[in-house]
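Below is one structure, written out as structure tokens; comments come after it.
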Amino acid sequence: MISINNLCVRFGGFELFTNLGFMINSRDRIGLVGKNGAGKSTLLKIIYGEISPSEGSISGSSDIQIGYLPQQMKVSSENITVLEDAKSAFKDITTLEAKLEKVNHKLSVLTNYESEEYLELIEQISTLNERLALFGTDNIVSETEKILKGLGFLQSDFERKVTEFSGGWRMRIELAKILLQNPEIILLDEPTNHLDIEAIQWLEEFLSQYKGAVLLISHDRAFLDNVTNRTLEINAGTLYDYKVPYSKFKVLQEERIQQQLAAYDNQQKIINDTEKFIERFRYKATKANQVQSRIKHLGKLELVDIDDLDNASINIRFPSAPRAGDVVVETKELSKSYGKHTVLNKIDFVIERGEKIAFIGRNGEGKTTLSRIFVGDLPYDEGVLKIGHNVKIGYFAQNQDELLDPNLTVFETLDKVAVGDVRTKIRDILGSFLFSGEDIDKKVKVLSGGEHSRLSLAKLLLEPYNLLVLDEPTNHLDIRSKDLLKQALLKYNGTLILVSHDRYFLDGLIDKVYEFRDKKIKQHIGGIYDFIRRRKIENIQDIEIKDKQLKQQSNKNISDNKQLYLERKEQDKKRRSLEKAVHKHEQQIEKFETEIEGLNKLLSAPDKHDEKKLATTYQMFTKINTQLEKEMSAWEKASLDLETFIKELDNNE
Numbered sequence: 028m029i030s031i032n033n034l035c036v037r038f039g040g041f042e043l044f045t046n047l048g049f050m051i052n053s054r055d056r057i058g059l060v061g062k063n064g065a066g067k068s069t070l071l072k073i074i075y076g077e078i079s080p081s082e083g084s085i086s087g088s089s090d091i092q093i094g095y096l097p098q099q100m101k102v103s104s105e106n107i108t109v110l111e112d113a114k115s116a117f118k119d120i121t122t123l124e125a126k127l128e129k130v131n132h133k134l135s136v137l138t139n140y141e142s143e144e145y146l147e148l149i150e151q152i153s154t155l156n157e158r159l160a161l162f163g164t165d166n167i168v169s170e171t172e173k174i175l176k177g178l179g180f181l182q183s184d185f186e187r188k189v190t191e192f193s194g195g196w197r198m199r200i201e202l203a204k205i206l207l208q209n210p211e212i213i214l215l216d217e218p219t220n221h222l223d224i225e226a227i228q229w230l231e232e233f234l235s236q237y238k239g240a241v242l243l244i245s246h247d248r249a250f251l252d253n254v255t256n257r258t259l260e261i262n263a264g265t266l267y268d269y270k271v272p273y274s275k276f277k278v279l280q281e282e283r284i285q286q287q288l289a290a291y292d293n294q295q296k297i298i299n300d301t302e303k304f305i306e307r308f309r310y311k312a313t314k315a316n317q318v319q320s321r322i323k324h325l326g327k328l329e330l331v332d333i334d335d336l337d338n339a340s341i342n343i344r345f346p347s348a349p350r351a352g353d354v355v356v357e358t359k360e361l362s363k364s365y366g367k368h369t370v371l372n373k374i375d376f377v378i379e380r381g382e383k384i385a386f387i388g389r390n391g392e393g394k395t396t397l398s399r400i401f402v403g404d405l406p407y408d409e410g411v412l413k414i415g416h417n418v419k420i421g422y423f424a425q426n427q428d429e430l431l432d433p434n435l436t437v438f439e440t441l442d443k444v445a446v447g448d449v450r451t452k453i454r455d456i457l458g459s460f461l462f463s464g465e466d467i468d469k470k471v472k473v474l475s476g477g478e479h480s481r482l483s484l485a486k487l488l489l490e491p492y493n494l495l496v497l498d499e500p501t502n503h504l505d506i507r508s509k510d511l512l513k514q515a516l517l518k519y520n521g522t523l524i525l526v527s528h529d530r531y532f533l534d535g536l537i538d539k540v541y542e543f544r545d546k547k548i549k550q551h552i553g554g555i556y557d558f559i560r561r562r563k564i565e566n567i568q569d570i571e572i573k574d575k576q577l578k579q580q581s582n583k584n585i586s587d588n589k590q591l592y593l594e595r596k597e598q599d600k601k602r603r604s605l606e607k608a609v610h611k612h613e614q615q616i617e618k619f620e621t622e623i624e625g626l627n628k629l630l631s632a633p634d635k636h637d638e639k640k641l642a643t644t645y646q647m648f649t650k651i652n653t654q655l656e657k658e659m660s661a662w663e664k665a666s667l668d669l670e671t672f673i674k675e676l677d678n679n680e
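Its first residue numbered 28, the sequence shown is counted upward by one per residue in this note's numbering.
See below:
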């Protein structure tokens, strides 16, 4: 599809990468990996055309459409609904429809069927109809709703204003628009940062079946393994191409490093032996030719390089947890609302000492709200909350970067809250989180997302806690840092509450899942994949169908009459949709027949036209006649569907 040729990017005297090249083929599923700063996001921007390389080019068909979701982007701030914003993905279609309507109006008032203008309008209508047929305009609303639901929006959200939603939810709308545009290539930079587990799984399924190519950057190992079948690694400016997903790539990468080490050791032995030979026989005339030969050989030798895997890593060891009571947190009929919107309704909840649990559910279901209530950061409306005896809570907030003082330095951020002997260890703690040398004097406001997360985690080491409440602690952390944080939490001997959508991170770390749904929470014993298997959430559609069935079975408050009303309302909606389809086809048939009638009048008087104009007229007649036949077939099918539906209704009465 497209070819990336010998790309080179320089910033001043610094060279990010050079001679980088590869192909993106149709149906490719590519994971782009490399250490922070390797140039992954820069490469996506170059492919999309947002920035230009210092050298090199990208070649491919000029009409290839590329969809691009960056890590951060300007989201819509228009005062429009979610559905309207998502449907703007089809702006090309709406532009064509408006143009077609304008041309049809011109044609309707034209009476001279033999004029040049009439022929030109007929030609325009034919072309516009063909282009609209390619888009498949009949399913715009249903396809838009399907994508939005897959990404976590409810039916009731569609008519809400975009401005009512957080930045994360608006990013979902931008992602929906990209998927709806159906581009030949999709570029995604950390797409899972704003998604929950259900939406991530739906996106995995969508991308796996997508007909175009996908190139993505992600720190979610499970997402990479489930979506990609090819891994591109940028290492020290060099590109390595592996035809395998991430986990298999890591095995092959280790093999590559071992091979490089073996080749390096072998070469160093040869160099040492050669240098010893030269030194030993340098001044012997009988060995002069051999010495010179080996000196030339050393001069031409191409040294083996060993790839730098950036093994610098955070070093986390949580202080031993002070002993707490058997019950760490308990709630009875706890409720919380924001205005008229109830988030938690009469929650009964108990956490015992030493448990490691996960809060799972769609965004907005109350996971962060309950976490903030536990740590005293948010008041609750009703019910009882009991924090156990001698419980000391350490809290990592999802919006931790907003809570840090931007005007303090890295060192001052810890020094301000540290007390006692730990103040003498601040530099050591910061060093273990990769803040060393001048880094500790950086202002918080200039830190990257990953640095914000590392600094916030470092604060949790300043004193011993026996309850850690961590809300999305892996956001902005690379895969290696996530693994090391997971190992530290496995060794932690206190109680742990984790809000996370990273399945690989949660796997083996937690032994109980609390699912947040419909203002309630439900306990599931076992790990994250036990929960996923039990809930059968391989895709979001399955869970929506299951929930609908459960609600229909358990909702005893809905009367029979109301249920009958809802069913009839749905039937009426479907009948109107079928009737609308029939009517739409009838209008198209009538329009085509009118156009053919006009062309017939032109063809019936051939002596008034030259041969070239006659051929053009006949060509248009054939084209429109073919479109009429297709429209007739579609009308017959739509009419049959309507007739069958009406018969089914009559039989059920």
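Even glycine gets a Cβ: it sits at the ideal position worked out from N, Cα and C.
- The distance from the Cβ of I212 to that of L251 is about 18 angstroms, inconsistent with a contact at the 8 angstroms cut-off.
- The C-alpha of V377 is placed about 56 angstroms away from the C-alpha of I31.
- Assignment of Q92 by DSSP, reduced to helix, strand and coil, places it in the coil class.
- When D668, L397, L202 and V473 are compared, the shortest CA-CA separation from P218 is found for L202.
- Taking G391 as reference, the option from K114, D545, E141 and I227 with the minimal CA-CA separation is D545.
- Put simply, the region 642-661 touches the region 142-154. At least three CB pairs are less than 8 angstroms apart.
- By the neighbour-count definition (other C-beta atoms within 10 Å, threshold 16), D55 is a buried residue.
- Boundaries of the beta strand (DSSP E) harbouring G421: I420 to F423, taken from the DSSP string.
- Every alpha helix (DSSP H) of 4 residues or more that sits fully in the region 97-136 is shown, in chain order, as 109-114 and 118-135.
- Sorting A113, E105 and Y237 by C-alpha distance to the C-alpha of E191 places E105 at the top.
- DSSP places I297 inside the alpha helix (DSSP H), whose first and last residues are Y273 to F308.
- Note on geometry: alpha-carbon atoms of L484 and E490 lie some 12 angstroms from one another.
- Judged by pairs of C-beta atoms under 8 angstroms, the region 490-508 touches the region 422-429, as three or more such pairs exist.
- The beta carbon of G476 lies closer than 6 angstroms to those of H503 in the same chain, with the five residues before and after it left out.
- Under the DSSP definition of a beta bridge, V496 partners with Y422 and I524.
- Y140 has its alpha-carbon roughly 7 angstroms from the corresponding atom of K628.
- Unbroken alpha helix (DSSP H) runs of no fewer than 4 residues, entirely contained in the region 42-91, are found at 67-75, following chain order.
- In the displayed model, V331 falls within coil according to three-state DSSP, outside both helix and strand.
- By the Cβ criterion, the region 107-126 is not in contact with the region 602-622, since fewer than three pairs of Cβ atoms, one from each stretch, lie closer than 8 angstroms.
- Remark: C-beta atoms of L207 and E170 approach each other more closely than 8 angstroms.
- Under the three-pair Cβ rule at 8 angstroms, the region 57-66 does not count as touching the region 77-86.
- F386 has V526 and Y541 as its beta-bridge partners, per DSSP.
- The beta carbons of L96 and D216 sit about 6 angstroms from each other, so the pair counts as a contact at 8 angstroms.
- With a contact defined as Cβ atoms closer than 8 angstroms, R321 and I305 qualify at about 6 angstroms.
- DSSP links R257 through a beta bridge to I57.
- Between L412 and L488, the CB-CB gap reaches or exceeds 8 angstroms.
- The region 426-441 makes contact with the region 460-474; the number of CB pairs closer than 8 angstroms reaches 3 or more.
- For K518, the CB contacts under 8 angstroms within the same chain, skipping 5 residues up- and downstream, are R344 and F345 in chain order.
- In the pairwise beta carbon analysis, the region 547-557 is classified as touching the region 525-539: at least three pairs are separated by under 8 angstroms.
- Contact between the region 394-411 and the region 446-457 is absent, with fewer than three C-beta pairs closer than 8 angstroms.
- E141 sits in coil when the DSSP states are folded into three classes, being neither helix nor strand.
- When the beta-carbon positions are compared, V278 and T395 stay at least 8 angstroms from each other.
- Per DSSP, Q550 is not a residue of any alpha helix (DSSP H); the beta strand (DSSP E) it occupies stretches across K547 to I552.
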